[in-house]
Every structure is written in structure tokens, then in C-alpha cells.
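Enquirer: For the record, in the sequence shown the residue sitting at position 91 is 91 according to my numbering, with numbers rising by one throughout.
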Amino acid sequence: MKTVFLDFDGVLFDTLKEAYILCRYAYSRTDYFSKIDELEYERFYRYKFLVYNSWQYYYLMELSGQDLTDKEFISKYNNRILNRDKLSEHVFDEKYYGARKDLMKNYNEFWNKLEKPFPFFEDIKKGVSNKIITPIIVSKKDKTAIEYRLKQYGLFIPTENIYGKYKLECYKTKAEFISEFMVNNNIKTSYFIDDNSNNLEPCKEYSNIKPLLAGWGNIKIDEIGLTRQSIVNKLGI
Numbered sequence: 001m002k003t004v005f006l007d008f009d010g011v012l013f014d015t016l017k018e019a020y021i022l023c024r025y026a027y028s029r030t031d032y033f034s035k036i037d038e039l040e041y042e043r044f045y046r047y048k049f050l051v052y053n054s055w056q057y058y059y060l061m062e063l064s065g066q067d068l069t070d071k072e073f074i075s076k077y078n079n080r081i082l083n084r085d086k087l088s089e090h091v092f093d094e095k096y097y098g099a100r101k102d103l104m105k106n107y108n109e110f111w112n113k114l115e116k117p118f119p120f121f122e123d124i125k126k127g128v129s130n131k132i133i134t135p136i137i138v139s140k141k142d143k144t145a146i147e148y149r150l151k152q153y154g155l156f157i158p159t160e161n162i163y164g165k166y167k168l169e170c171y172k173t174k175a176e177f178i179s180e181f182m183v184n185n186n187i188k189t190s191y192f193i194d195d196n197s198n199n200l201e202p203c204k205e206y207s208n209i210k211p212l213l214a215g216w217g218n219i220k221i222d223e224i225g226l227t228r229q230s231i232v233n234k235l236g237i
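1. Rounded to whole angstroms, what is the Cα-Cα separation between C23 and A145?
2. Taking the Cβ atom as the reference point for each residue, do I124 and L12 lie within a distance shorter than 9 angstroms?
3. Report yes or no: do three or more beta-carbon pairs, one from the stretch 39-48 and one from the stretch 162-180, lie closer than 8 angstroms?
4. With a Cβ-Cβ cutoff of 9 angstroms, do T189 and N208 count as a contact?
5. Evaluate contact between the stretch 93-102 and the stretch 25-44, counting only Cβ atoms and requiring at least three cross-stretch pairs below 8 angstroms.
6. Can you check which of these residues, E205, I231, F110, Y58, is closest to L87 by C-alpha distance?
7. I need the straight-line Cα distance from Y25 to D102, nearest angstrom please.
8. Apart from the five residues on each side of it in sequence, which residues of its chain come closer than 7 angstroms, Cβ to Cβ, to I162?
9. Span of the alpha helix (DSSP H) holding K234?
10. Following the continuous beta strand (DSSP E) through D102, name the residue where it begins and the one where it ends.
11. T15: buried (16+ other C-beta within 10 angstroms of its C-beta) or exposed?
Quick look at the structure:
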């Protein structure tokens with residue numbers, strides 16, 4: 001069986017609308033059910049690739065209301081990351097995850113409609129049922145939300161093979177975590193599928209990790225990733 005490490009947001013599920021609603025609540029206390037500002041959401045969607053930790057959404061929201069060119073937006077964002085306001089981003093992050101728990105508990109029907117699986121999710125289910133792959137989730141999303149959503153759509157992965165925000169924050173990169181996991185579990189080679197090339201770039205340090213960029217996710221502007229079918233072919237599912 002092939003060992004396949006998978007990101008969650010942007011690879012298995014389209015979670016952008018949920019992230020946006022949580023972000024605008026955490027940033028400006030906008031009600032969950034308020035009408036979406038289409039222009040702001042368009043910018044949020046376009047620049048989501050810059051974010052690979054939830055606290056970074058604080059700076060995305062800070063800039064998403066401004067009319068900037070791609071070059072200006074990315075430059076200002078990178079400058080804010082270099083000059084972080086750690087107190088504000090911490091408060092934002094706490095509100096972000098608190099809002100998700102609130103939605104899951106008190107507005108579950110609404111929350112369930114915010115994110116849907118990509119067609120690739122069914123390919124992974126097929127690979128599991130046919131005993132072709134062993135999937136391991138590596139995501140900056142909180143583990144509880146991941147487990148809930150996987151079970152909802154019929155993919156049952158052992159809890160010890162799901163690694164979320166609090167586990168991964170102990171590592172510099174996902175690749176570092178994957179390499180350590182492979183050594184500890186005597187895994188010779190693996191695939192790592194993510195929609196953020198920033199997460200795949202460090203795989204260059206580990207020749208036994210084969211990085212695959214999911215082209216249907218929130219990839220960089222003008223970046224071309226792999227199609228669903230090409231990844232299915234590589235995995236043999």
C-alpha cells in the first residue's frame with residue numbers, strides 16, 4: 001500500500017467559504033449570516049495561497065478591503081508578516097477557532113453547508129477501500145473539525161493518522177513532520193499532496209517524499225498544478 005500524506009483544505013475539501021466567514025467574524029465581528037461582500041471575497045479567494053497558518057488570515061483580512069494590484073498586495077502582505085503584531089494575530093486566532101466551535105455546536109446545519117468535498121475525495125475513498133493507499137492527514141486545520149467532516153462523508157481514517165494544527169505547529173514544515181513520521185514508522189517512500197507550493201518546497205530536502213501540487217486548490221496566481229486525473233494515475237487508484 002502506498003502511504004499518501006494529504007492536506008485537507010483545498011485538496012480534499014473546498015473550505016474557502018467557511019474560512020472567509022470565520023475570518024470576517026474574527027477580524028471585525030461580522031455576523032455569520034451577513035451577506036458576503038463579493039469584492040472582498042474575490043480578493044480573499046485570490047490571495048488565499050499566501051496563508052498556510054490560520055493566524056496569517058489576520059493580515060489577509062487587513063489588506064482584503066484595499067484596492068491593490070497583485071504586486072502591491074503581495075508586497076504589503078509579506079511586509080506585515082515580517083513585522084508581525086503577535087498580540088493582535090493571537091486574539092484573531094482565538095476568535096477564529098472559537099467561532100468554528102460555535103458554528104459546529106450551535107449552527108451545525110449552516111456550518112455543514114459551508115464546505116463540500118472535491119471530486120478527488122471520492123478517489124481517495126476508492127483507494128482506501130481497494131487497499132491501494134494509506135492516507136495520513138497533515139493539516140493546519142483543527143483535528144476535531146477534520147475528523148467530523150471525514151466521517152460525515154464516509155472516509156474513516158484512524159485518529160492516529162490525522163494530524164492537525166496543534167501537532168504540526170511543533171515543526172518548521174510539514175515535510176519535516178512527514179520525514180520524522182516515515183522514519184518512526186519504517187516507511188521508505190511516500191506521496192505528499194498539498195495545494196500550497198510553499199508546503200511542498202521543503203520536500204526537496206527529503207528525496208523519499210514525492211510532492212504533488214493539487215491544481216484544483218488555492219494555488220498561487222498563474223501557478224499550474226496537477227490535474228485530479230494525473231494525481232489519480234500517479235497513485236494508481
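Cβ atoms here follow ideal geometry from the backbone N, Cα and C, with glycine treated the same way.
Expert: In brief:
1. Taking the sequence shown and counting its residues from 1, one reaches residue 23 at position 23. Taking the sequence shown and counting its residues from 1, one reaches residue 145 at position 145. Cα-Cα distance, rounded: 16 angstroms.
2. Here residue 124 corresponds to residue number 124 of the sequence shown, with the count starting at 1. Here residue 12 corresponds to residue number 12 of the sequence shown, with the count starting at 1. A contact, by the Cβ cut-off of 9 angstroms.
3. no
4. Taking the first residue of the sequence shown as 1, we reach residue 189 at position 189. Taking the first residue of the sequence shown as 1, we reach residue 208 at position 208. In this structure, N208 lies closer than 9 angstroms to T189 by Cβ.
5. yes
6. Within the sequence shown, the letter at position 87 stands for residue 87. Taking only the C-alpha atoms, the option nearest L87 is Y58.
7. Locating residue 25 in the sequence shown gives position 25, where the first residue counts as 1. Locating residue 102 in the sequence shown gives position 102, where the first residue counts as 1. The alpha-carbon atoms of Y25 and D102 are separated by roughly 12 angstroms.
8. To locate residue 162, count along the sequence shown from 1; it is residue 162. So the list reads I137, K143, I146, E147, once near-sequence residues are dropped.
9. Looking up residue 234 in the sequence shown gives position 234. Start and end: 228-235.
10. On the sequence shown, position 102 is the one that residue 102 refers to. Premise fails: D102 lies in the alpha helix (DSSP H), 86-106, not in any beta strand (DSSP E).
11. Locating residue 15 in the sequence shown gives position 15, where the first residue counts as 1. Buried: at least 16 other Cβ atoms inside 10 Å.
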